[in-house]
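I have placed the structure first, in the form of structure tokens, so that the comments after it can refer back to it.
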Amino acid sequence: MKLICRYLLKIYLKYLTKLVLFIHKPLIIVVAGSVNKYFVKEEIKRALLAEGRLVRSSPKNFNTEIGLPLSVLYLPSGYNSYRRWHTIIFKALKTIWQKNFPDILVLELGASDPGDMNYLLTIIKPQMAVITDLTQRYLESFSDMNELIEEYQNLILSLPSSGVLVVNQDNNRLKDIARNAKCKVVRFGFDEDSDCRIISVEKQNKGQMIVLSYGRQEKKIVINTFGQHHVYAAAVGTIIKDYA
Amino acid sequence: MFERTKNLKLSTIKDIELRASRLPDAISLAQGIPSFDTPACIKRRVEKALKRGVVAKYSLTPGLPELRELIEISLAKENMFYDWQKEIIVTAGSIEAMSSALLALTNPGDEVIVPEPTYTSYLEIIKLAGCQPIFVPLDESLNWQLDPDKLEEKITDKTKVIFFCDPNNPTGTIFSKEQLQKIGSIIEKYNLYAIADEVYKDFVYDSRQLFSLAEIPELRNRVVRVFSFSKAYAMTGWRVGYAHSDESIIQEMLKVHDSLVTCAPVISQYAAMGALEMGDSEVKIFKEQFLKRRELVCKKLDDLNSYFTYIKPDSSYFVFPRLKFAFPNKNKNDGHEKSLSWRFVLDLLKEKQVALVPGAAFGPSGEGHVRINFGRNEKDIIESFARIDKYLQDL
Numbered sequence: 001m002k003l004i005c006r007y008l009l010k011i012y013l014k015y016l017t018k019l020v021l022f023i024h025k026p027l028i029i030v031v032a033g034s035v036n037k038y039f040v041k042e043e044i045k046r047a048l049l050a051e052g053r054l055v056r057s058s059p060k061n062f063n064t065e066i067g068l069p070l071s072v073l074y075l076p077s078g079y080n081s082y083r084r085w086h087t088i089i090f091k092a093l094k095t096i097w098q099k100n101f102p103d104i105l106v107l108e109l110g111a112s113d114p115g116d117m118n119y120l121l122t123i124i125k126p127q128m129a130v131i132t133d134l135t136q137r138y139l140e141s142f143s144d145m146n147e148l149i150e151e152y153q154n155l156i157l158s159l160p161s162s163g164v165l166v167v168n169q170d171n172n173r174l175k176d177i178a179r180n181a182k183c184k185v186v187r188f189g190f191d192e193d194s195d196c197r198i199i200s201v202e203k204q205n206k207g208q209m210i211v212l213s214y215g216r217q218e219k220k221i222v223i224n225t226f227g228q229h230h231v232y233a234a235a236v237g238t239i240i241k242d243y244a
Numbered sequence: 245m246f247e248r249t250k251n252l253k254l255s256t257i258k259d260i261e262l263r264a265s266r267l268p269d270a271i272s273l274a275q276g277i278p279s280f281d282t283p284a285c286i287k288r289r290v291e292k293a294l295k296r297g298v299v300a301k302y303s304l305t306p307g308l309p310e311l312r313e314l315i316e317i318s319l320a321k322e323n324m325f326y327d328w329q330k331e332i333i334v335t336a337g338s339i340e341a342m343s344s345a346l347l348a349l350t351n352p353g354d355e356v357i358v359p360e361p362t363y364t365s366y367l368e369i370i371k372l373a374g375c376q377p378i379f380v381p382l383d384e385s386l387n388w389q390l391d392p393d394k395l396e397e398k399i400t401d402k403t404k405v406i407f408f409c410d411p412n413n414p415t416g417t418i419f420s421k422e423q424l425q426k427i428g429s430i431i432e433k434y435n436l437y438a439i440a441d442e443v444y445k446d447f448v449y450d451s452r453q454l455f456s457l458a459e460i461p462e463l464r465n466r467v468v469r470v471f472s473f474s475k476a477y478a479m480t481g482w483r484v485g486y487a488h489s490d491e492s493i494i495q496e497m498l499k500v501h502d503s504l505v506t507c508a509p510v511i512s513q514y515a516a517m518g519a520l521e522m523g524d525s526e527v528k529i530f531k532e533q534f535l536k537r538r539e540l541v542c543k544k545l546d547d548l549n550s551y552f553t554y555i556k557p558d559s560s561y562f563v564f565p566r567l568k569f570a571f572p573n574k575n576k577n578d579g580h581e582k583s584l585s586w587r588f589v590l591d592l593l594k595e596k597q598v599a600l601v602p603g604a605a606f607g608p609s610g611e612g613h614v615r616i617n618f619g620r621n622e623k624d625i626i627e628s629f630a631r632i633d634k635y636l637q638d639l
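Chains as they are written, first to last, in our numbering: chain R, 1 to 244; chain S, 245 to 639.
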């Protein structure tokens, strides 16, 4: 019974999401990768909001067959409560006529089982994709790293020729698969061949000072967070502003 | 033999629980266990992890990356910015986090300042680290508040750490932002460290916003903040918590953590992920229930006001009433003849099978009080107080 309900919910949310996207036609930026999706997504949203754009991003880390539609429809999850799902299913219908639907959606895509990415790509058609990094996290359902890489390969191949792929140049596997993209590729990282190169990072009391080389210019960014993942996120935020 | 452990004691709270466990009709309001079961959403997250076959192996020593990411996100919402890769460790409960912090920050012979009454197990882990606890009494007449000037007076050349609980167990006191900022200035002035145990932060019964020393960027390399999933999410049996601080401290703590436990139980780490992903609404429900139970316990204590006086706790799920009567020494030869709170607790347990914790266990200022846990269900609270009432009438 539970499985049937879940299947029906999945189908309902999928087609409703497709309808909402068809009506409102937002620019879709997706963030994928095995780590750092949340921070990159939030940084993209912050950067675009600062530019005065009407942007919305996935709440929490909703990035699965149920979570992705909820992100687009901007609804909470009912988790395991039938009562909460009733309300959400009803509210979902109202999103068709939603006013002030954002111009840009920044969505996370998760791949924890073979075929996940292809399914998610039947719901949305992203114009831009960011692949943050690839590690062995979530590898347990895949036969090996190559099978996991195929998921990201499918995402890259789904981008239109007018699209943009933003990819972590410090990850050798990503560097390799980015070569298959039909669209523009913008690389970020410490690697010397990065289009947006991280020249230096200085840890300070109140955060980090980052120096980026991008578009033949050096740019200093000060952030109030700590860790390399925020440095990568800042680089992606800088890139995205030029393309969104 | 046993040089390191001979002066350690089993925590009084656990000692009382052990005594109560031998009595058939015992009701325990002793150990800080909430009455609730772990929320279904958390169990479901664990079931999913079990089905995926990801719980059988060790995690990385500091914990599952996805959990530490969630912790970083949750901390940022509270104005605390820490790098999940280098500055957050998932531990086997908060006590392991505090033990690792103390062992990393101190050398044998150092002094650790502890505002008291405070959580009983602090004293044992301080002794285990070979350090000397130095007590600073909280002021009962001022709602058990802390006077930072009194704390400063206790500092010597040997002082290394200030170790405190906020909200405080057993008094339920919340330290103000000004008090904490003064402590912050003291640790900077004397080149000290602070360990802040904030496991009851989710149960504050007024509109006050809790402040943490870990929010002050200039103190990030001096403050270790500890949190546990046990209380907030009814997960005491899962033994999972975390600590965060600057990389310079956490990387040292990591060596101790690795020596002690290798990693926190992986199945519990998935439970912790469920808690952070889906547990917020459950915490609100628990808090509403605890608030009702606080009112119930306070009403019961009001009814017994010729025997007890108390300060209504602002937080946690403990009340710490003072005994207003001189209790006779009925249980000789148990080693606790001199302590009023011990005598009362042991006799109450023996006569009426109600377990409370003697205030003496929480430090010198705790003597003459008892700790009552109102995290237990209403039925147990009502029955316990009926027995206490009867017991007092029979005195």
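For every residue, glycine included, the Cβ atom is placed at its ideal position computed from N, Cα and C.
**Message:** If you measure between the beta carbons of S/R469 and S/S451, is that distance less than 9 Å?
**Reply:** no
**Request:** For S/E397, count neighbouring Cβ atoms within 10 angstroms of its own Cβ and tell me buried if that reaches 16, exposed if not.
**Result:** S/E397 should be labelled exposed.
**Prompt:** When the Cα of S/N351 is compared with those of S/V358, S/L372, S/I494 and S/T335, which residue comes out closest?
**Reply:** S/L372
**Request:** Starting from the C-beta of R/L27, find all residues in its chain whose C-beta is less than 8 Å away, skip the five residues before and the five after it, and write them out in chain order.
**Result:** D103, I104, L105, Q127, M128 and A244
**Request:** Count the other C-beta atoms from every protein chain shown that fall within 10 angstroms of the C-beta of R/V185, then say buried if there are 16 or more, exposed otherwise.
**Result:** The C-beta of R/V185 has 16 or more other C-beta atoms within 10 Å across all chains shown, which makes the residue buried.
**Request:** Since I believe S/E331 is in contact with S/H501 (beta carbons under 8 Å), could you give me their beta-carbon distance rounded to a whole number of angstroms?
**Result:** Their Cβ separation, rounded to whole angstroms, is 13 Å, which puts S/H501 and S/E331 out of contact at 8 Å.
**Message:** When you compare the CB of S/P309 with every CB in chain R, is at least one pair closer than 9 Å?
**Reply:** Put simply, the CB of S/P309 is near chain R, with a gap under 9 Å to one of its CB atoms.
**Message:** With three or more beta-carbon pairs closer than 8 Å as the criterion, would you say the region 299-314 of chain S touches the region 510-525 of chain S?
**Reply:** yes
**Request:** Ignore the nearest five residues each way along the sequence and tell me which others in R/I96's own chain have a CB closer than 7 Å to its CB.
**Result:** L19, V20 and I23
**Asked** Who are the near neighbours of R/T64 in its chain, counting only those whose CB is closer than 7 Å to its CB and skipping five residues on each side?
**Response** If the five residues before and after R/T64 are omitted, its C-beta is found closer than 7 Å to the C-beta atoms of G110, all from its own chain and listed in chain order.
**Request:** Check R/I231 in the structure and name its three-state DSSP category.
**Result:** Strictly speaking, residue 231 of chain R in this sequence is Val, with Ile absent from that position. If DSSP states are grouped into helix, strand and coil, R/V231 belongs with the helices.
**Message:** DSSP has S/E383 in a bridge; who is on the other side?
**Reply:** In the sequence as displayed, the identity of residue 383 of chain S is Asp instead of Glu. The partner list for S/D383 (beta bridge, DSSP) reads S/Q389.
**Item:** Pick from S/E459, S/I493 and S/L436 that is closest to S/K421, judged by C-alpha positions
**Value:** S/E459
**Item:** chain R contact for S/V298 (CB, 9 Å cutoff)
**Value:** Using a CB distance cut-off of 9 Å, S/V298 counts as an interface residue toward chain R.
**Item:** Contact set for R/N180: own chain, Cβ-Cβ below 8 Å, skip 5 residues either direction
**Value:** Q153, I156 and L157
**Request:** Could you check the C-alpha separation between R/N224 and R/Q208 for me, to the nearest Å?
**Result:** Linking R/N224 to R/Q208 through their CA atoms gives a straight-line distance of about 6 Å.
**Message:** Between R/E202 and chain S, is any beta-carbon pair separated by less than 9 Å?
**Reply:** no
**Message:** Could you give the first and the last residue of the continuous alpha helix (DSSP H) run that contains S/K426?
**Reply:** Looking at the DSSP string, the run of the alpha helix (DSSP H) that includes S/K426 is K421 to K433.
**Prompt:** Taking all protein chains shown into account, do 16 or more other C-beta atoms lie within 10 angstroms of the C-beta of R/R216, making it buried, or fewer, making it exposed?
**Reply:** exposed
**Prompt:** Exposed or buried, what is R/C5 when buried is set at 16 or more other beta-carbons lying within 10 Å of its beta-carbon?
**Reply:** exposed
**Request:** Give me the Cα-Cα distance between R/D113 and S/K623, rounded to the nearest whole angstrom.
**Result:** Taking the straight line joining both Cα atoms gives about 47 Å.
**Contact with chain R by S/R528, beta-carbon distance below 9 Å** = In the sequence under discussion, the amino acid at residue 528 of chain S is Lys, which differs from the Arg named in the question. No, S/K528 lies away from the interface with chain R (no Cβ there is under 9 Å from its Cβ).
**Asked** With 16 other CB atoms within 10 Å as the buried threshold, where does S/A630 fall?
**Response** exposed
**Message:** Quick check: does the Cβ of S/E496 come within less than 8 Å of any heavy atom belonging to the ligand PLP?
**Reply:** The ligand PLP is absent from the structure shown, which contains no ligand whatsoever.
**Request:** Could you tell me whether the Cβ atoms of S/T417 and S/N387 are closer together than 9 Å?
**Result:** yes
**Asked** Going along chain R, which residues have a C-beta under 9 Å from S/E462?
**Response** N205 and K206
**Prompt:** Can you find a C-beta in chain R that's less than 9 Å from the C-beta of S/C542?
**Reply:** no
**Asked** Which chain S residues are close to R/F226, counting only those with a beta carbon under 7 Å from its beta carbon?
**Response** F325, Y326, D327 and E331
**Request:** For the alpha helix (DSSP H) holding S/F534, just list the boundary residues, first then last.
**Result:** Secondary structure note for S/F534: its alpha helix (DSSP H) is the uninterrupted segment D524 to D547.
**Prompt:** Which chain R residues sit within Cβ distance under 9 Å of S/R640?
**Reply:** The structure shown does not extend to residue 640 of chain S, since chain S is modelled only from 245 to 639, so the question has no answer here.
**Request:** Could you say which of S/Y437, S/S474 and S/I494 lies nearest to S/F447 if we only look at CA atoms?
**Result:** Taking S/F447 as reference, the option from S/Y437, S/S474 and S/I494 with the minimal CA-CA separation is S/S474.
**Asked** What first and last residue would you give for the beta strand (DSSP E) that runs through S/N441?
**Response** Note on residue identity: the sequence assigns Asp, not Asn, to residue 441 of chain S. Counting along the chain, the beta strand (DSSP E) containing S/D441 begins and ends at Y437 to D441.
**Beta carbon proximity, S/M522 to chain R, threshold 9 Å** = yes
**Asked** Where does S/V614 sit, in a helix, a strand or coil, going by DSSP?
**Response** S/V614: strand per DSSP, three-state reduction.
**Prompt:** The alpha helix (DSSP H) with S/E313 in it runs from where to where?
**Reply:** P309 to K321
**Nearest residue (CA-CA) to R/L165, options R/K10, R/W85 and R/R187** = R/R187
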